[in-house]
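The sequence shown begins at 54 in our numbering and counts up one residue at a time. In this text, a Cβ means the ideal position worked out from N, Cα and C, and glycines have one as well. Beneath this line is the structure, given in structure tokens, with notes to follow.
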Amino acid sequence: MNKIGIYIHVPFCGVKCPYCDFYSTSYNLKNAEKYTESVIRDIQNLPDLYADTVYFGGGTPSLLPTDFIEQILWALKKNINLVCPEITIEINPCTVNKQKLEKYHDMGINRLSFGVQSAIDSELKLLGRKHTFESSSEIINTACKIGFKNISCDLMIGLPGQTAENLLYSIDKLAGLPIQHISSYILKIEENTPFNCSGIINKMPDDDYVSDLYLIMVKELQNYGFFQYEISNFSRSGFESKHNLKYWKCMEYVGIGPAAHSYYDNKRFFITPDLNKYINSPEPEITVTDYNPGQTDERIMLGLRLTDGINVNDFPDLKAKLIKKACLLESNGLVKIDNDIISLTPEGFLLSNSIINEFI
Ligand code: SF4
């Protein structure tokens with residue numbers, strides 16, 4: 054039985070972070086109510102599906118009142134078949150307290166993803182985050198005491214002025230928390246954001262320095278028992294994100310909410326990123342981006358994001374070409390070949406776009 058993932062995009066943020074270009078809008082209760090009704094409407098229109106992951110992403114899903122999250126989960130339980138689901142919610146640390154976390158636990162949410170970003174408060178301030186590392190630590194320790202056993206934190210690298218010592222300090226502090234997973238993102242300056250200004254750009258580390266930081270991070274996280282399983286993701290054994298693995302393994306998922314993407318029914322498509330349109334239309338407006346997904350190129354491209362890599366026997370027509378290319382890149386330390394499995398090394402991940410282009 055094919056089990057899909059469900060992604061719910063919650064498009065509200067308290068304050069827009071100056072580096073972020075994700076679709077989100079300011080929060081108000083009236084819009085949150087209408088949004089929740091529209092999400093439930095879309096859930097009721099789903100066909101008879103089996104799903105084993107649910108992911109509340111955003112935006113800031115933890116801004117949504119817990120009753121609304123519960124109503125969405127009820128609608129899912131009522132309308133589709135949830136099979137021992139991994140249920141994740143992304144959390145901005147300054148938007149939750151003990152009571153909220155207890156309610157998440159009671160309603161069956163079993164994975165929390167905290168946007169911690171850094172253990173250094175001056176870096177958090179620069180990023181426009183409203184939490185300190187101490188407040189994040191407190192709430193994560195509270196989550197652990199409540200009984201959450203699968204907690205992830207985000208960590209950002211390549212920040213203006215960030216040194217290797219700063220990064221090692223943040224990793225050390227994160228590793229001291231009761232968490233099982235770390236997602237690490239390299240800061241990029243996006244065009245239509247306040248960070249796209251000379252004051253920030255002039256302080257950005259150059260690419261070579263960011264590459265050094267990345268390799269230091271991979272090694273240090275491994276020393277702490279967080280093993281890399283994807284370009285940007287690290288976990289203790291058995292705590293890989295089941296939901297996100299669906300993206301990289303080319304498995305199906307249905308996205309609900311404005312700006313949510315789907316891979317379902319032999320199509321890739323997204324819902325128009327416009328909350329007003331979403332809550333005022335009888336059904337979501339979608340744009341199809343691919344009528345023939347899951348082809349060879351895409352499977353190679355996504356598979357090579359994972360440390361498990363690709364099995365050349367899954368691509369019989371390309372097997373000889375893949376092995377030949379891999380042998381060339383192996384001598385540069387960018388690729389590993391283990392029997393019929395080809396995977397990228399951490400050095401290879403840094404050049405993943407050009408290496409993947411060579412393979413496809
Ligand atoms: S909270 Fe997350 S989604 Fe919202 S603006 Fe900040 S980074 Fe972007």
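Burial check for tryptophan 127: the Cβ neighbour count within 10 Å stays below 16, so the residue is exposed. Per DSSP, reduced to three states, the secondary structure at threonine 340 is strand. Annotation: alanine 373 is outside any beta strand (DSSP E); the continuous alpha helix (DSSP H) that includes it extends over 372 to 383. In the structure shown, the three-state DSSP call for threonine 398 is coil.
Of the other Cβ atoms in all chains shown, fewer than 16 fall within 10 Å of the Cβ of proline 100; this residue is therefore exposed. At the C-beta level, phenylalanine 186 and lysine 151 stay beyond 8 Å of one another.
Taking a C-beta distance under 8 Å as the contact criterion, cysteine 147 and serine 188 qualify as a contact pair. For asparagine 366, the CB contacts under 6 Å within the same chain, skipping 5 residues up- and downstream, are Asp393 in chain order. Ranked by Cα distance from tyrosine 344, the first of Phe323, Ile125, Ile93 is Phe323. The stretch 238 to 305 contains, as complete alpha helix (DSSP H) runs of 4+ residues, the segments 251 to 254, 260 to 276, 295 to 301 (chain order). Around the beta carbon of serine 175, fewer than 16 other beta carbons lie within 10 angstroms, which makes this residue exposed. It is roughly 12 Å from the alpha-carbon of serine 288 to the alpha-carbon of lysine 295. Remark: the shortest separation between the CB of threonine 113 and any heavy atom of the ligand SF4 falls under 7 Å. Of the candidates Asn319, Cys70, Cys380, the residue whose Cα lies closest to the Cα of glutamine 170 is Cys70. Residue state for glutamine 348 is assigned as coil, using DSSP reduced to three classes.
Straight-line measurement puts the Cα of phenylalanine 121 at about 8 Å from the Cα of glutamate 86. Rounded to whole angstroms, the separation of the alpha carbons of tyrosine 108 and asparagine 203 is 14 Å. A contact between stretches requires three or more CB pairs, one per stretch, nearer than 8 Å, and the stretch 156 to 168 fails this requirement with the stretch 212 to 222.
Under a 10 Å Cβ-count criterion, cysteine 206 is classified as buried, with 16 or more other Cβ atoms of the shown protein chains found around its own Cβ. The criterion of a C-beta distance shorter than 8 Å is not satisfied by isoleucine 193 and leucine 240.
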